[in-house]
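In this note's numbering, the protein residues as written are 100 to 387. Ideal placement from N, C-alpha and C gives every residue a C-beta, glycine not left out. Remember, predicted model here, so these are calculated numbers, not experimental data.
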Ligand SMILES: [Zn+2]
C-alpha cells in the first residue's frame, strides 16, 4: 500500500461519491425532461408534477400507495422449484434469479398483501417489473393463486396490479402453464361471489395479458400504460397495415372497450374503494 492507494484514491472516491447525492434528490421526467424534487415526486405517487406522466412503481411501493396509511400485511408465498429446466442463455437462470433478488429484495415478481383501502378490507397482488421484466413463472402463478385463496378465505375483494413483459422464457412450458393456473385462480374468486378488480400498469404485455388481467369484473389502467399481447412491430408485419396512433395505450383501449376506466394514480385508492363499496352493496342486496 502506497500513499497513492491509501490516501489519494479514497479522496478521489469521496469526491465522486459527493456528486451522487444531488442525483438522488432530483429526478428527471422521461416524458417532459423537467426536473422534479424527489420528495415532491414521492408525495405525488411518482406522477410527474409538471406533465402528469406516470412513472413506473415497484410492487412494494404500490402496496404503500394503495393501502390506508401505507399499512398492510404481506403474506409469505409458496416456494417453487428453482430453475426446473436448468436453463441457461447468456447467463444461468439461477444467476439471473439471484441478481433480481439482490436488486429488488423480493423472492419473485409478485407480492401479496392484505389490508384496508379507505376502510374496505382487500387483498392486493402487485407485480414487480424490475424482477426479470415482471415475467410470470411458477412463482408468480403460485403467488397469484395464493392471493385468490386468501381473498376467498377473508371474503375480501381481490385487486391485481399488473406489470409484466409476459411469460418467463427460462421456465419454458412451466411458465405457459401459469396462464390456465391463474385463470382458475380468478374463477375461485368469482365462485365465491367476490369482486376481482384489475389495474393494468405500464407495461402489461404478452402471456400475462392473455391470462388473469383480462378476466376482471372491472378493468382499470393507469394513464399512458402500454397494454397488449404482441408487440406493435409483430402485429404490423402480420396484418400488413400501419397501426393507428396510440395503439396499445390505455386511452386507446378505453375508447375501444377493452378497459372500463383510465384512472390517475393519485385517484386510484379512492376509485378502488368506491368500486368495492358499490360491488359489495349489490352483494348485500342480493343476500337480503
Ligand atoms: Zn413530466
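Can the beta-carbon of residue i be found less than 7 Å from the beta-carbon of residue j?
i           : j           : result
residue 267 : residue 235 : yes
residue 258 : residue 211 : no
residue 361 : residue 320 : yes
residue 299 : residue 326 : yes
residue 225 : residue 158 : yes
residue 172 : residue 213 : yes
residue 388 : residue 255 : The structure shown does not extend to residue 388, since the chain is modelled only from 100 through 387, so no value can be given for it.
residue 199 : residue 230 : yes
residue 296 : residue 315 : yes
residue 348 : residue 144 : no
residue 371 : residue 216 : yes
From the DSSP output, in three-state form, read off residue i for me.
i           : result
residue 300 : strand
residue 238 : helix
residue 232 : helix
residue 291 : coil
residue 253 : helix
residue 151 : coil
residue 349 : helix
residue 325 : strand
residue 189 : coil
residue 361 : strand
residue 156 : coil
residue 336 : helix
residue 355 : coil
residue 267 : coil
residue 215 : strand
residue 258 : strand
Please go through the same chain and pick out, in chain order, the residues whose beta-carbon is closer than 6 Å to the beta-carbon of residue i, but skip the five residues on each side of it.
i           : result
residue 357 : none
residue 359 : 317, 318
residue 232 : 264
residue 280 : 240
residue 161 : 225, 260
residue 345 : 351
residue 125 : 134
Please work out which residues of its chain come closer than 7 Å, Cβ to Cβ, to residue i, disregarding the five sequence neighbours upstream and downstream, and give them in chain order.
i           : result
residue 307 : 235, 261, 263, 265
residue 183 : 270, 273
residue 275 : 266, 306
residue 219 : 372, 375, 376
residue 170 : 214
residue 253 : 213, 220, 222
residue 338 : none
Kindly examine ligand 1 and report whether one of its heavy atoms sits closer than 6 Å to the Cβ of residue i.
i           : result
residue 149 : yes
residue 219 : no
residue 153 : no
residue 368 : no
residue 130 : yes
Short of 8 Å in beta carbon distance, which residues of its chain neighbour residue i, apart from the five on each side in sequence? Order them along the chain.
i           : result
residue 131 : 147, 149, 150, 152
residue 342 : 331, 334, 335
residue 282 : 310, 311, 314
residue 251 : 287, 288, 291, 293
**OP:** Mind the definition here: the segment 177-193 touches the segment 238-251 only if three or more C-beta pairs lie below 8 Å; say whether that holds.
**Re:** Yes, the segment 177-193 is in contact with the segment 238-251.
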